[in-house]
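Written out below as structure tokens is the structure these notes cover.
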Amino acid sequence: MSLNDSPNGRKYSDEYQRSLGDPEGFWLEAAQAVEWVTEPTSAYSGVDAPLTRWFPDGELNTAWNALDRHVAAGRGDQLALIHDSAMVGTVTTYTYSELTAEVARFAGVLRAQGVGRGDRVVIYLPMIPEAAIAMLATARLGAIHSVVFGGFAANELAVRIRDAAPKAVVTTSGGLEPNRHVEYLPTVHEALATAGAPELPVIVKHRDGFATDPAALGWNHVDWDAALAVAQPAGPVTVKATDPLYILYTSGTTGTPKGVVRDNGGHAVALLWTMANLYDIHAGDVWWTASDVGWVVGHSYIVYGPLLAGATTVMYEGKPVGTPDAGAFWRVIEQHGVKALFTAPTALRAIRKMDPEAELLKAYDAGSLQTLFTAGERLDTATFHWASKVLGVPVVDHWWQTETGWGIVGNPRGLDPLPIKAGSPTLPMPGYDLRIVDGYGAPVGVGEEGNIVLGLPLPPGTLTTLWGDDQRYVDSYLSAFDGYYATGDSGYVDGDGYVYVMGRTDDVINVAGHRLSTGAIEQVVGKHPAVAECAVIGVADALKGQKAVGYVVLKSGVSIDPDALQKELVALVRKEIGPVADFKNATIVDALPKTRSGKILRKTMRQIADGDDYTVPSTIEDPSVIENLVPILSAR
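The sequence shown stops at residue 636 when you use this note's numbering, and every number in between is there.
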């Protein structure tokens with residue numbers, strides 16, 4: 001295939017220019033892939049600008065589009081979901097007919113708890129089929145789900161329950177990690193108490209091997225299996241395209257999570273476009289996203305995207321290494337005939353670390369794999385070249401955010417696949433008017449690093465607002481650069497238009513593909529009675545992309561053993577935020593570098609720790625503080 005050839009006869013350059021020059025026509029055409037109850041007559045409404053409203057007069061049901069319509073089209077016997085649990089050694093499959101029936105029945109369970117259109121349901125589940133079923137059942141009722149990653153601690157779950165004000169919570173006995181069981185029910189119980197909602201109905205899926213009996217907690221719990229056995233199936237509820245489908249909380253720089261709101265119509269249109277054009281995945285193809293339903297990647301490309309497209313989606317409960325070894329991914333590809341894999345660079349680095357010559361790959365036939373996609377963090381060139389060599393297929397990085405819901409920059413494998421450059425996720429996708437600007441919003445030159453911004457309106461499928469707080473949405477994303485969405489990332493564009501994303505411009509870090517607020521970690525560290533002030537920065541880590549490292553100043557007159565303090569701070573962060581923070585290092589320092597206005601120079605600290613070139617700002621209060629910190633930071 002030449003670079004100008006395309007599986008569907010369309011070229012990236014033409015599609016991209018059309019999406020910016022005629023967004024109305026482009027997205028109305030894309031919307032024809034959706035089965036509407038009321039077909040939209042217009043694509044975009046600017047009535048509520050700068051808030052985004054796509055397909056304002058359209059009506060649909062997302063779960064119907066993901067399930068029922070494939071059954072109605074005669075493909076009910078096709079596999080919809082393969083659940084592969086490396087933790088317990090089982091594979092469970094659902095055809096489209098079976099999954100549709102199961103979702104309809106669980107929608108009946110939710111309806112019996114009073115859940116209806118516009119109500120919220122908080123889902124706190126690991127990677128088990130019930131997670132996808134609960135999400136789709138909520139959508140079937142026209143309700144709004146908010147999935148919370150199972151690794152979050154009680155306080156983090158409580159914050160989300162308090163903000164979303166759900167009608168019900170869905171959970172399970174616990175999650176499985178290598179060599180340990182993680183009990184969920186005590187965490188949920190504590191979260192409900194903290195959130196002031198102890199009477200909230202909790203639907204519990206029982207799993208063997210966990211100690212906590214839900215009845216012993218004295219709460220309003222409903223047994224998943226018992227309720228499902230007597231439930232009356234619920235039909236799909238029609239909603240407006242602009243009605244919310246889900247809330248997904250992402251880290252806020254103040255430590256308060258931001259509830260990203262995704263709509264129904266724009267979301268369905270965007271994901272259907274990406275499955276065909278970005279990923280080249282179609283009805284009947286087997287697609288595997290090795291992520292978690294708690295993250296946006298899991299929402300978009302474990303559950304909704306592949307099912308909307310009529311593909312078979314693989315849900316994997318396990319690790320890239322250790323369940324049982326670094327050949328786990330290759331086993332899944334062979335066993336299920338995976339056409340394309342989407343994972344985070346962290347997983348590839350973990351496999352490479354354990355099996356650098358990919359000896360374990362020789363035991364499997366990975367011939368079904370046509371493309372490896374990565375996202376969640378920057379794909380370093382060493383990992384890119386390693387994966388390309390051992391797999392012999394295109395390794396395609398792409399870049400996006402929780403807020404956007406799908407790729408901002410990518411390589412459209414279903415249009416005309418573009419040349420791949422190591423270190424770049426390639427070119428902006430249709431609908432994203434990407435610019436690189438300086439701090440004043442002025443364009444910068446080719447190859448010059450600046451702020452990555454996106455022209456408004458953002459395309460369909462991106463966030464429409466923040467839950468319950470339109471002003472915070474505007475303040476957080478739309479106020480820094482007039483007429484643009486601020487991604488919070490810096491980067492540059494080369495002479496061929498290829499985008500290079502260099503890192504965050506705020507204090508949100510990326511640990512193994514998980515976005516975490518250093519401000520939130522600092523708030524926890526600052527609770528320790530010995531700590532006067534602290535700074536948490538994300539420093540480069542060969543395996544996880546970044547790791548959170550703390551630097552603390554003790555209160556005057558306080559003396560404490562550094563090792564003891566570090567252990568206590570690690571335990572505190574684990575309790576308050578959860579093991580997902582992966583916070584393991586805290587160092588006592590005499591002082592933190594600050595500007596005269598009191599702002600801690602975290603970026604400068606991070607640059608020193610990473611061994612990058614740095615310039616001490618002229619606004620620094622005491623240059624000697626930086627000088628004293630250099631050997632300490634460099635030691636990281």
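Here a beta-carbon is modelled for each residue, glycine too, at the ideal position from N, C-alpha and C.
Is it right to say residue i is buried, meaning 16 or more other beta carbons lie within 10 angstroms of its own, or is it exposed?
{"i": "residue 179", "result": "exposed"}
{"i": "residue 47", "result": "exposed"}
{"i": "residue 543", "result": "exposed"}
{"i": "residue 611", "result": "exposed"}
{"i": "residue 163", "result": "buried"}
{"i": "residue 385", "result": "exposed"}
{"i": "residue 440", "result": "exposed"}
{"i": "residue 690", "result": "Nothing about residue 690 can be reported from this structure: the residues present for the chain run from 1 to 636 only."}
{"i": "residue 559", "result": "exposed"}
{"i": "residue 471", "result": "exposed"}
{"i": "residue 111", "result": "buried"}
{"i": "residue 460", "result": "buried"}
{"i": "residue 324", "result": "exposed"}
State the Cα-Cα distance for the pair residue i and residue j, rounded to the nearest angstrom.
{"i": "residue 90", "j": "residue 298", "result": "21 Å"}
{"i": "residue 101", "j": "residue 130", "result": "13 Å"}
{"i": "residue 547", "j": "residue 141", "result": "40 Å"}
{"i": "residue 277", "j": "residue 407", "result": "11 Å"}
{"i": "residue 374", "j": "residue 557", "result": "49 Å"}
{"i": "residue 85", "j": "residue 321", "result": "14 Å"}
{"i": "residue 63", "j": "residue 531", "result": "49 Å"}
{"i": "residue 562", "j": "residue 533", "result": "15 Å"}
{"i": "residue 36", "j": "residue 241", "result": "9 Å"}
{"i": "residue 632", "j": "residue 151", "result": "31 Å"}
{"i": "residue 640", "j": "residue 445", "result": "Shown here, the chain extends from 1 to 636; a query on residue 640 therefore has no answer."}
{"i": "residue 301", "j": "residue 628", "result": "47 Å"}
{"i": "residue 115", "j": "residue 452", "result": "40 Å"}
{"i": "residue 370", "j": "residue 550", "result": "42 Å"}
{"i": "residue 206", "j": "residue 304", "result": "25 Å"}
{"i": "residue 539", "j": "residue 156", "result": "24 Å"}
{"i": "residue 235", "j": "residue 104", "result": "7 Å"}
{"i": "residue 269", "j": "residue 75", "result": "21 Å"}
{"i": "residue 271", "j": "residue 364", "result": "31 Å"}
{"i": "residue 404", "j": "residue 468", "result": "18 Å"}
{"i": "residue 681", "j": "residue 88", "result": "In the structure as shown, the chain starts at 1 and stops at 636, and residue 681 therefore has no counterpart that could be examined."}
{"i": "residue 332", "j": "residue 285", "result": "15 Å"}
{"i": "residue 12", "j": "residue 393", "result": "21 Å"}
{"i": "residue 149", "j": "residue 214", "result": "20 Å"}
{"i": "residue 138", "j": "residue 66", "result": "13 Å"}
Start and end of the alpha helix (DSSP H) containing residue i?
{"i": "residue 194", "result": "185-195"}
{"i": "residue 306", "result": "305-308"}
{"i": "residue 628", "result": "623-634"}
{"i": "residue 350", "result": "345-354"}
{"i": "residue 562", "result": "562-576"}
{"i": "residue 388", "result": "381-391"}
{"i": "residue 70", "result": "69-72"}
{"i": "residue 156", "result": "154-164"}
{"i": "residue 333", "result": "328-336"}
{"i": "residue 314", "result": "Run containing residue 314: none in the alpha helix (DSSP H); it sits in the beta strand (DSSP E), 312-317."}
{"i": "residue 178", "result": "Segment: none, residue 178 is in no alpha helix (DSSP H) and carries neither H nor E."}
{"i": "residue 140", "result": "129-140"}
With DSSP as the reference, label residue i as helix, strand or coil.
{"i": "residue 148", "result": "coil"}
{"i": "residue 542", "result": "coil"}
{"i": "residue 106", "result": "helix"}
{"i": "residue 612", "result": "coil"}
{"i": "residue 461", "result": "coil"}
{"i": "residue 417", "result": "coil"}
{"i": "residue 600", "result": "strand"}
{"i": "residue 1", "result": "Because residue 1 carries a pLDDT of 28, less than 50, the predicted location of this residue cannot be relied on, and no value is offered for it."}
{"i": "residue 406", "result": "coil"}
{"i": "residue 451", "result": "strand"}
{"i": "residue 61", "result": "coil"}
How is the beta strand (DSSP E) around residue i delimited, first residue to last?
{"i": "residue 13", "result": "Counting along the chain, residue 13 falls outside any beta strand (DSSP E), though it belongs to the alpha helix (DSSP H) covering 12-21."}
{"i": "residue 123", "result": "120-124"}
{"i": "residue 273", "result": "Segment 265-277 is the alpha helix (DSSP H) holding residue 273; no beta strand (DSSP E) there."}
{"i": "residue 287", "result": "286-289"}
If residue i and residue j are in contact, beta carbons under 8 Å, what's the gap, nearest whole angstrom?
{"i": "residue 122", "j": "residue 166", "result": "4 Å"}
{"i": "residue 289", "j": "residue 342", "result": "4 Å"}
{"i": "residue 620", "j": "residue 577", "result": "Wrong, their Cβ atoms sit about 30 Å apart, outside the cutoff."}
{"i": "residue 58", "j": "residue 265", "result": "5 Å"}
{"i": "residue 492", "j": "residue 519", "result": "Wrong, their Cβ atoms sit about 27 Å apart, outside the cutoff."}
{"i": "residue 499", "j": "residue 428", "result": "7 Å"}
Looking at residue i and the ligand NAP, is the gap between the Cβ and the nearest heavy atom below 7 Å?
{"i": "residue 34", "result": "By its list of ligands, the structure shown contains no ligand whatsoever, and the ligand NAP lies outside what it can speak to."}
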